[in-house]
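**Q** Numbering (this note's numbering), first residue to last: 791 to 1606.
Right, here's the structure in full:
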């Protein structure tokens, strides 16, 4: 019994021990201490506590849910470690030194135990890393020169603080400045640090001169502040005033375009001062007086600062004046049309620049009245308010300007194209569908014969031309054929509705191209003919009337008939004096002799009996050679004569040529010679044979052929003297005159009907031929044969020539 009782007690004790062990083995893991949020300054140490009771699983720390490791040394993270002892269940995370990368969320985690104990996780602990800001900097530097009463801006910047630095301004007297400060914070690219800016707007005064302004920056990362300093130098003078002397109105405004005169007055001591002028801080050249002039004050000078700087022995001072230019209105932004739904409100803006401020008026085109007087016009859109509005801006004294804008009421589209259109077969035909649609259509569809036209169809091309009030869709049919003509359907859709119209494309017959070409050509030719006729008529009407002709008499002192001027060098051309030359038998001249009326004033050889068949001979009956000027000379119509060697060096004599005079040429009848002309004399040797006349010529030894009473004739009697155009261009002598009429044509006869001689120089040649002609009066009063001396230098002296040129009037104005 006793032994049984002992055995039972032993079993009970063993069961109790087993129950105790089982209870210990099934205890749950739990945290004795969890990490908490902490704030640390960069470079300091942070410890996140973590203690676990009845730890049976594996413990690790996570950073932003990324595991750091299960060993206490946390290999791979040099600045991280788990401190404490396993016996105490201390697994705190130690971070040293703290950097900005440590700014994160941390968690202590324990995995499930081997006996099935559940795993545990601590609360998240946020580590906030504070970063001190960089030393502040003043953008303007450490020294600033400014002008009294001119507002300046001082900007202080502090980079890289976390949180952003707080900036404080302190003036030179130790006062904290709170007015006129603008604080700006900007986040850096890393998303953690910040840049702080503080802008101080300050109007310097005289008492700010040589004072130091301090910018202090600090944040919660450190207790001491960091600072930057700027020394301010304020320029001032005893007293300087700038005023507008002329050019401004009573209100002080300067009209645009006016001439402005500004004056600078300095009340300084010492009074020995010098002046300099500045315009917007740009020095003016030559501005060293007490006045400055702006000759044309345009709107660009508005709000310009004119500064007068005055120097004296103490220093310099300056004062400025801001120009207030009055100028006309000008649009900054013109009003823009708008589209709106029914019942909505819209605003039209009329942004106009002007000084003074322009007076704005809105004019309703529909109702013809002013509806508003401010830059912004706000309306509620309906059928009544939709339409066109005009904005007008006015500045007193300047022209008014205006612009318009339209309020479009949104609604279904409307097609306004012609229902019948035409095209030519074979051409590219265009079918137009003009659409009024506010807003623009969403879809435009063309169909033909019930089939929608595909934009990829090679026969068609669809063009769209948008406009403010809609769009124009053009269907282009390439190289149209007969099958392409017919009914086309244009349909349009926008969010407010749709419209459709049928357009009948009809074939238009083409006019043949050849008809068009010939018609255009005929029109051009007709226009050309009309222009040509008009031109010729105008040219004919502009012809000058012939110059007034002068009649001269034998006794005129200016007439060459009254005197044979031997020295041609001393005379001037008489080509501009025209006299009729008619032989009137039996008529008495002023001197009582038979009269020969001439045009050129050269004495004639005598009366000439002109036969009826020769009375109508003209210059066209014989050749009229041209005489070129001297080579290498541009005479421009003015022909100086200097080659005297031609006159004094006659060519070599040629052998005599026998000839007989034509009996028809002996019809010259005269009983008396013209007054003041050369007289005929009996010549020794006149009965000699014709072939012996050369001996007579040689015996005389003078160029005139030995005419008694005349003596040697000066070569200046030659018609070619002083007029090189009358010289024969050939090198050799011309063919001498013979008695053969076929070889020697008769000279042009004198006309009985006042026919005009071509030139005074030609008649001078005919008159001077007397010097080379032997004339004798027979017993019966007839004129004997006129014989030309052979071998005479005909090109050098005044002799008749078969190829005698007819010199046109006005060509003898030769200056010698």
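Beta carbons are placed, not taken as given, at the ideal position from N, Cα and C, and that holds for glycine.
Starting from residue 828, follow its DSSP beta bridges and name the residues at the other end.
**A** Sequence index remark: in the chain shown, residue 828 carries index 38 (1-based). In DSSP, residue 828 forms a bridge with 917.
**Q** Considering only residues of the same chain and omitting the five flanking positions on each side of residue 1153, which have a CB-CB separation below 6 Å?
**A** Counting from 1 along the chain shown, the entry for residue 1153 is found at position 363. Result list for residue 1153: 1160 and 1180, in chain order.
**Q** Per the DSSP calculation, residue 1086 is bridged to which residue(s)?
**A** Mapped onto the chain shown, residue 1086 falls at position 296. Note: residue 1086 sits in no beta bridge, so no partner.
**Q** Measuring CA to CA, which of 831, 880 and 819 is closest to residue 825?
**A** Residue numbering aside, residue 825 sits at position 35 when the chain shown is read from its first letter. When each option's Cα is compared against that of residue 825, the closest is 880.
**Q** Quick one: is residue 998 buried, meaning 16 or more other Cβ sit within 10 Å of its Cβ, or exposed?
**A** As a position in the chain shown, residue 998 is number 208, starting the count at 1. Buried.
**Q** If you pair each beta-carbon of the stretch 1203 to 1221 with each one of the stretch 1180 to 1193, do three or more pairs fall below 8 Å?
**A** As far as the Cβ criterion goes, the stretch 1203 to 1221 does not touch the stretch 1180 to 1193, which means the pair count is below three.
**Q** Look at the alpha carbon of residue 1192 and the alpha carbon of residue 1156, and state the distance between them as a whole number of angstroms.
**A** Translated into the one-based positions of the chain shown, residue 1192 becomes position 402. Translated into the one-based positions of the chain shown, residue 1156 becomes position 366. C-alpha separation (whole angstroms): 17 Å.
**Q** Quick one: what does DSSP say residue 1274 is sitting in, helix, strand or coil?
**A** For this step, residue 1274 is matched to residue 484 along the chain shown. Helix.
**Q** Got a sec? Which residues, its chain only, sit under 7 Å from residue 822 by beta carbon, not counting five neighbours each side?
**A** Within the chain shown, the letter at position 32 stands for residue 822. Result list for residue 822: 841, 842, 843 and 879, in chain order.
**Q** Can you tell which of 935, 1268 and 1197 has the C-alpha that lies nearest to the C-alpha of residue 1130?
**A** Numbered from 1 along the chain shown, position 340 holds the residue referred to as residue 1130. Here the closest residue by C-alpha is 1197.
**Q** What first and last residue would you give for the beta strand (DSSP E) that runs through residue 1233?
**A** Translated into positions along the chain shown, residue 1233 becomes position 443. Unbroken beta strand (DSSP E) run through residue 1233: 1233 to 1238.
**Q** When you compare each of 966, 973, 961 and 944 to residue 955 by their alpha carbons, which one comes out closest?
**A** Here the question's residue 955 lines up with position 165 in the chain shown. The option with the nearest alpha carbon to residue 955 is 973.
**Q** Per DSSP, what kind of secondary structure is residue 1213 in: helix, strand or coil?
**A** Taking the first residue of the chain shown as 1, we reach residue 1213 at position 423. Strand at residue 1213.
**Q** Provide the residue(s) that pair with residue 1041 in DSSP beta bridges, ordered along the chain.
**A** Within the chain shown, numbered from 1, the residue matching residue 1041 stands at position 251. Beta-bridge pairing links residue 1041 to no other residue.
**Q** Is it true that the stretch 1168 to 1178 meets the stretch 1123 to 1139, where meeting means three or more beta-carbon pairs spaced less than 8 Å apart?
**A** yes
**Q** Please list, in chain order, all residues of the same chain as residue 1255 whose beta carbon is under 6 Å from its beta carbon, the five residues on each side excluded.
**A** Your numbering for residue 1255 matches position 465 in the chain shown. Taken in chain order, the residues that qualify are 1262.
**Q** Sorted by chain position, which residues of the same chain lie with C-beta nearer than 6 Å to residue 864's C-beta, five sequence neighbours on each side aside?
**A** The residue you call residue 864 lines up with position 74 of the chain shown. Same-chain partners within the cutoff: 858, 870 and 871.
**Q** Using three-state DSSP, classify residue 1654 as helix, strand or coil.
**A** Residue 1654 lies beyond the stretch modelled for the chain, which goes from 791 to 1606, so this question has no answer here.
**Q** Is it buried or exposed, residue 1011, if we count other Cβ atoms within 10 angstroms and call 16 or more buried?
**A** In the chain shown, residue 1011 corresponds to position 221, counting from 1. Residue 1011 should be labelled buried.
**Q** Give me the Cβ distance between residue 888 and residue 836, rounded to the nearest whole Å; I'm assuming they're in contact under 8 Å.
**A** Your numbering for residue 888 matches position 98 in the chain shown. Your numbering for residue 836 matches position 46 in the chain shown. Indeed they touch by this definition, with Cβ atoms about 5 Å apart.
**Q** Whose C-beta lies closer than 7 Å to the C-beta of residue 1226 among residues of the same chain, with five residues either side of it excluded?
**A** Your numbering for residue 1226 matches position 436 in the chain shown. Hits under 7 Å: 1203, 1204, 1206, 1259 and 1260.
**Q** Does the distance from the C-beta atom of residue 1007 to that of residue 1016 stay below 8 Å?
**A** As a first step, residue 1007 must be located in the chain shown, where it is residue number 217. As a first step, residue 1016 must be located in the chain shown, where it is residue number 226. Closer than 8 Å, so yes.
**Q** Given this structure, state the Cα-to-Cα distance separating residue 978 from residue 890, to the nearest angstrom.
**A** Here residue 978 is taken as the residue at index 188 of the chain shown, counted from 1. Here residue 890 is taken as the residue at index 100 of the chain shown, counted from 1. Cα to Cα, residue 978 sits roughly 13 Å from residue 890.
**Q** Should residue 1245 and residue 1252 be called a contact, given that it needs their Cβ atoms to be closer than 8 Å?
**A** Within the chain shown, numbered from 1, the residue matching residue 1245 stands at position 455. Within the chain shown, numbered from 1, the residue matching residue 1252 stands at position 462. The answer is yes: Cβ separation under 8 Å.
**Q** Could you check whether the stretch 1139 to 1147 touches the stretch 1107 to 1123, counting it as contact only if at least three pairs of C-beta atoms, one from each stretch, sit closer than 8 Å?
**A** Yes: the two stretches touch, three or more of their Cβ pairs being nearer than 8 Å.
**Q** With H, G and I counted as helix, E and B as strand and the rest as coil, what does DSSP make of residue 996?
**A** One-based indexing of the chain shown puts residue 996 at position 206. Correct three-state label for residue 996: helix.
**Q** Would you kindly work out how many angstroms separate the C-alpha atoms of residue 969 and residue 994, rounded to a whole number?
**A** Within the chain shown, numbered from 1, the residue matching residue 969 stands at position 179. Within the chain shown, numbered from 1, the residue matching residue 994 stands at position 204. Computed Cα separation, rounded: 14 Å.
**Q** Mind checking who residue 1050 pairs with in its DSSP beta bridge?
**A** The sequence position of residue 1050 within the chain shown is 260, counting from 1. Residue 1050 is bridged to 1084.
**Q** Give the secondary structure of residue 1132 by DSSP, where H, G and I count as helix, E and B as strand, and everything else as coil.
**A** The residue you call residue 1132 lines up with position 342 of the chain shown. Coil at residue 1132, not helix or strand.
**Q** CB residue 1113 to CB residue 1078, shorter than 8 Å?
**A** Taking the chain shown and counting its residues from 1, the one referred to as residue 1113 is at position 323. Taking the chain shown and counting its residues from 1, the one referred to as residue 1078 is at position 288. Result no, Cβ atoms of residue 1113 and residue 1078 do not sit closer than 8 Å.
**Q** Pick helix, strand or coil for residue 1328, following the three-state DSSP scheme.
**A** Residue 1328 sits at position 538 when you count from the first residue of the chain shown. It is helical.
**Q** Pull up the distance between the alpha-carbon of residue 962 and that of residue 1022, whole angstroms please.
**A** As a first step, residue 962 is located in the chain shown; it is residue number 172 there, counting from the start. As a first step, residue 1022 is located in the chain shown; it is residue number 232 there, counting from the start. Going from the Cα of residue 962 to the Cα of residue 1022 covers about 9 Å.
**Q** Which of helix, strand or coil does DSSP assign to residue 1304?
**A** As a position in the chain shown, residue 1304 is number 514, starting the count at 1. Looking at residue 1304 - three-state DSSP - the assignment turns out to be helix.
**Q** Tell me the residue span of the beta strand (DSSP E) that contains residue 1075.
**A** Taking the first residue of the chain shown as position 1, residue 1075 is located at position 285. Premise fails: residue 1075 is in no beta strand (DSSP E) and is neither H nor E.
**Q** Cα separation between residue 1249 and residue 1282?
**A** Here residue 1249 is taken as the residue at index 459 of the chain shown, counted from 1. Here residue 1282 is taken as the residue at index 492 of the chain shown, counted from 1. About 22 Å.
**Q** Assign residue 856 to one of two classes, buried (16 or more other C-beta atoms within 10 Å of its C-beta) or exposed (fewer than that).
**A** Here the question's residue 856 lines up with position 66 in the chain shown. So residue 856 ends up on the exposed side.
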